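A.B. asks: Protein chains in written order, with this note's numbering: chain G, 112 to 470; chain R, 112 to 470. Where a beta carbon is used, it is the ideal one built from N, C-alpha and C, also for glycine. The structure presented is a predicted model; accordingly, all values stated were derived computationally and were not measured. Shown below is the structure under consideration.
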């Protein structure tokens with residue numbers, strides 16, 4: 112995991128979980144690295160007062176104040192639609208680069224191709240890291256991920272924003288607690304900002320997306336003795352806007368098991384506003400989509416209950432258990448133990464590739 | 112459809128159907144535009160002697176000979192793995208551009224970014240068209256294709272190279288014969304070279320692939336009175352290397368019906384060499400993958416029987432009919448009438464989006 116002193120840029124949006132996904136991810140999983148959050152609307156408050164995360168971390172009004180905390184990198188902690196970057200924030204990026212910071216962006220637009228930013232970096236010794244930049248020489252995916260000895264788990268979802276990244280990290284940390292050698296394979300900007308490496312799978316040419324997923328698994332598996340790799344899922348098969356990314360990730364990473372992530376109470380699919388199908392239909396779809404390649408199953412459901420109180424959360428979990436017949440928990444609220452138990456039930460035994468059968 | 116006088120570059124590979132996919136597609140559907148094929152291994156022969164297509168079209172040894180037939184464009188009619196371009200062919204491209212031709216390439220490498228080619232084009236007034244170049248400002252796909260009045264059909268397959276493009280064009284031509292206003296929406300280099308427009312769907316960032324498919328359908332639907340749009344499919348859901356592209360295309364183009372294309376007798380999935388699943392399993396998978404977005408069905412099977420004699424072909428068609436319970440034919444060998452009948456059986460009535468249901 113990343114260890115450098117980080118300032119998070121969340122100007123104008125820190126109170127909004129949806130817009131500050133990367134900020135919240137970093138504050139949840141590596142708060143010890145964060146020295147300040149920039150959002151002039153909440154300057155003077157403690158991070159936890161606004162986000163519920165990062166107790167003791169100050170919110171500051173501007174970069175000048177943040178610099179007093181001696182950061183080494185600035186992470187752009189806001190998501191903008193289609194990668195557009197508000198012009199009023201440009202000067203903060205310029206200042207950070209002039210002050211020698213590493214600026215980490217997960218937006219679709221490439222900071223490293225911006226003349227003003229490049230000039231500022233050259234002046235101040237700063238460095239630009241575009242998390243979404245496509246790696247060079249990606250392979251097409253060809254079932255190579257199956258060669259790893261480690262048990263591979265993929266988090267999948269009923270939609271975008273259902274907790275796939277948080278569930279992935281929570282499962283890895285729970286496994287480490289139990290002495291299992293586990294690795295997190297991030298596929299999105301927040302996961303990469305937290306882990307310090309990975310591939311932004313949605314910014315790869317579609318012919319090479321499965322290959323990128325395969326490469327990620329092989330990289331994580333290359334460390335000796337790795338027993339468990341949890342790959343961060345993206346999108347959802349029932350989310351038509353991003354379903355292709357999801358399927359490429361499934362067929363490239365070749366999971367031995369999947370975890371279905373769902374936001375409790377969500378009744379419409381994001382962006383397209385069609386009805387959210389029942390959990391059992393999502394499970395059926397995911398298992399069907401793996402069946403002719405590698406018949407992996409969904410072993411547990413991770414339910415995000417952040418909008419519910421504890422009693423409601425318990426009720427939602429019981430309801431989902433009854434509906435699906437699977438172990439269910441909210442890994443953030445109640446820990447990932449239940450999910451890891453489900454994954455380990457068969458001794459982390461790898462699932463073979465499709466061998467052909469009569470239907 | 113494209114009308115300009117075309118020379119096809121198939122040097123060293125014209126006898127190989129797999130390597131000359133684009134050449135064969137053009138010769139099958141717009142032979143009237145082709146003035147010569149370049150392949151020094153078969154120079155002096157008639158195109159039909161080598162390919163079975165393009166009767167009366169000469170095969171010549173080099174560009175100088177081809178120029179005697181006054182071509183307006185040169186189409187690179189060979190597919191190279193990963194987009195690599197043999198250096199011995201570079202001089203032909205340079206010569207063509209120096210002679211003012213339009214050079215059309217569907218390879219992954221971009222001719223328009225090659226300094227030597229650009230210089231040659233500047234010298235001779237030639238023009239470079241990279242079919243795989245990603246269009247700018249693609250939208251993300253958001254179910255907009257559903258707004259068109261036309262009945263949308265998508266060809267899907269049990270693998271790559273199963274005849275999706277040929278089936279698509281054959282169905283459109285059959286529909287036109289019957290007085291149905293039909294359009295072909297190409298998604299690959301050969302289809303685009305034939306139609307004269309389209310988007311190479313596998314050379315789009317994966318986040319925007321569904322959006323590209325949506326844009327294609329909306330463009331074809333914009334002509335007045337269009338009743339039927341046939342979208343050329345890519346890859347296959349059971350072909351793990353390209354399955355994500357396939358699903359993006361499905362969820363972006365939102366077909367009202369699908370046609371399953373299969374190569375008779377194929378027993379292994381290409382590239383990965385896993386067993387080819389039964390047709391019924393492919394059908395189930397395609398329908399499951401549409402079900403939670405728009406429950407479209409597979410209405411017919413297009414069987415490619417090019418490797419069989421006529422009696423064997425008939426037998427294979429009968430066998431596939433029995434297996435699937437669907438109308439089956441080889442649209443190239445026996446015409447696309449059976450398939451069009453199946454599509455029209457319900458009066459080209461559009462299928463509504465997923466409305467939610469209990470499973």
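1. Closest by CA to residue 267(G), which one among 467(G), 305(G), 364(G)?
2. Tell me whether residue 289(R) is buried or exposed, calling it buried when 16 or more other Cβ atoms sit within 10 Å of its Cβ.
3. Quick one: Cα of residue 149(R) to Cα of residue 378(R), how far?
4. With a threshold of 7 angstroms between beta-carbons, can residue 268(G) be considered close to chain R, or not?
5. For residue 135(G), would you say it is in contact with chain R, using Cβ-to-Cβ distances shorter than 7 angstroms as the test?
6. Step through the CB atoms of chain G and report whether any lies within less than 7 angstroms of the CB of residue 399(R).
7. On the three-state DSSP scale, how would you describe residue 401(G)?
8. So which residues of chain G does residue 358(R) contact, with C-beta pairs closer than 7 angstroms?
9. Is residue 378(R) close to chain G? Criterion is C-beta to C-beta, closer than 7 angstroms.
10. If you drop the 5 nearest sequence neighbours on each side, which residues of the same chain put their C-beta closer than 6 angstroms to that of residue 166(G)?
11. Closer than 8 angstroms by beta-carbon distance: list the chain R residues that pair up with residue 88(G), in chain order.
12. Just the chain G side, please: which residues come within less than 8 angstroms of residue 437(R) by C-beta, in chain order?
13. What residues in the segment 236 to 255 of chain R have a beta carbon less than 7 angstroms from any beta carbon of chain G?
14. Tell me whether residue 438(R) is buried or exposed, calling it buried when 16 or more other Cβ atoms sit within 10 Å of its Cβ.
15. If contacts are defined as beta-carbon pairs under 8 angstroms, then residue 286(G) and residue 293(G) qualify, I think. What distance do you get, rounded to the angstrom?
16. Output yes if chain R places a C-beta closer than 7 angstroms to the C-beta of residue 371(G); else output no.
17. For residue 382(R), which residues in chain G fall below 9 angstroms Cβ to Cβ?
18. Using the beta-carbon of each residue, which ones in chain G are nearer than 8 angstroms to residue 349(R)?
19. Tell me which residues share the same chain as residue 336(G) and place their Cβ nearer than 7 angstroms to its Cβ, disregarding the 5 neighbours each side in the sequence.
20. Would you please state the rounded distance, in angstroms, between the beta carbons of residue 125(G) and residue 161(G)? I believe it to be under 8 angstroms.
21. Using a Cβ-Cβ cut-off of 7 angstroms (strictly less than) and excluding sequence neighbours within five positions of residue 356(R), which residues of its own chain qualify?
22. With DSSP as the reference, please indicate the residues paired to residue 369(G) in a beta bridge.
23. Go to residue 356(G), then tell me how far its alpha helix (DSSP H) extends in each direction, as first and last residue.
24. Relative to the alpha-carbon of residue 446(G), which residue among 281(G), 208(G), 297(G) has its alpha-carbon at the smallest distance?
25. On the criterion of 16 or more Cβ atoms from any shown chain inside 10 Å, does residue 260(G) qualify as buried, or is it exposed?
26. If you draw a straight line from the alpha carbon of residue 408(G) to that of residue 450(G), how long is it in whole angstroms?
27. Compare the C-beta of residue 321(R) against all C-beta atoms of chain G and say whether one is closer than 7 angstroms.
28. Taking residue 354(R) and residue 354(G) to be in contact with their CB atoms under 8 angstroms, please state how far apart those CB atoms are, rounded to whole angstroms.
29. Do residue 300(R) and residue 237(R) have their CB atoms nearer than 7 angstroms?
30. Are the C-beta of residue 396(G) and some C-beta of chain R separated by less than 7 angstroms?
31. Taking 7 angstroms as the CB-CB cut-off, is residue 166(R) touching chain G?
32. Distance, Cα to Cα, residue 420(G) vs residue 426(G)?
33. On the DSSP bridge assignment, give the partners of residue 296(G) in chain order.
34. So residue 117(R) is in the beta strand (DSSP E); what residue range does that whole segment cover?
35. Any beta carbon from chain R within less than 7 angstroms of residue 385(G)'s own beta carbon?
36. Could you tell me whether the segment 119 to 133 of chain G touches the segment 179 to 191 of chain G, where touching means 3 or more Cβ pairs closer than 8 angstroms?
C.D. replies: A quick look at the data gives this:
1. Of 467(G), 305(G), 364(G), the residue nearest in Cα terms is 364(G).
2. Exposed, by the Cβ-count rule.
3. Rounded to the nearest angstrom, the two C-alpha atoms are 34 angstroms apart.
4. Not flagged as an interface residue toward chain R: residue 268(G), since no C-beta distance is shorter than 7 angstroms.
5. Taking Cβ atoms only, chain R never reaches closer than 7 angstroms to residue 135(G), which makes this a no.
6. Using a Cβ-Cβ cut-off of 7 angstroms, residue 399(R) counts as an interface residue toward chain G, since at least one Cβ of chain G sits closer than that to its own.
7. Here residue 401(G) sits in helix by DSSP.
8. The contact set of residue 358(R) on chain G, defined by CB atoms closer than 7 angstroms, consists of 354, 355, 358 in chain order.
9. It does not; no Cβ of chain G falls within 7 angstroms.
10. Apart from sequence neighbours up to five positions away, the residues of its chain that approach residue 166(G) with a beta-carbon distance below 6 angstroms are 159, ordered along the chain.
11. Missing from the structure shown is residue 88(G); chain G here goes from 112 to 470 and no further.
12. In chain order: nothing, as chain G lies at least about 15 angstroms away.
13. Residues passing the 7 angstroms Cβ filter: 251, 252, 253, 254.
14. Counting every other CB atom within 10 Å of its CB across the protein chains shown gives residue 438(R) a total of 16 or more, marking it as buried.
15. So it is a contact: roughly 4 angstroms between Cβ atoms.
16. Not flagged as an interface residue toward chain R: residue 371(G), since no C-beta distance is shorter than 7 angstroms.
17. In chain order: 251, 253, 254.
18. One finds 403, 404 in chain G with Cβ atoms closer than 8 angstroms to the Cβ of residue 349(R), taken in chain order.
19. The residues are 292.
20. Correct: roughly 5 angstroms between the Cβ atoms.
21. Cβ within range, chain order: 312, 313, 320, 345, 346.
22. Bridge partners of residue 369(G): 265(G), 409(G).
23. For residue 356(G), the enclosing alpha helix (DSSP H) has its first and last residue at 354 to 364.
24. Among 281(G), 208(G), 297(G), the Cα nearest to that of residue 446(G) belongs to 281(G).
25. With fewer than 16 other Cβ atoms within 10 Å, it is exposed.
26. Distance between the alpha carbons of residue 408(G) and residue 450(G) is about 13 angstroms.
27. It does; some Cβ of chain G falls within 7 angstroms.
28. That belief does not hold up - the Cβ atoms of residue 354(R) and residue 354(G) are roughly 11 angstroms apart, past 8 angstroms.
29. Residue 237(R) is positioned such that its CB atom lies no closer than 7 angstroms to that of residue 300(R).
30. Output row for residue 396(G): interface = yes.
31. At a cut-off of 7 angstroms between beta-carbon atoms, residue 166(R) makes no contact with chain G.
32. Residue 426(G) has its alpha-carbon roughly 10 angstroms from the corresponding atom of residue 420(G).
33. Paired residues: 342(G).
34. Where residue 117(R) is concerned, the enclosing beta strand (DSSP E) stretches over 117 to 120.
35. It does; some Cβ of chain R falls within 7 angstroms.
36. Short answer: they touch.
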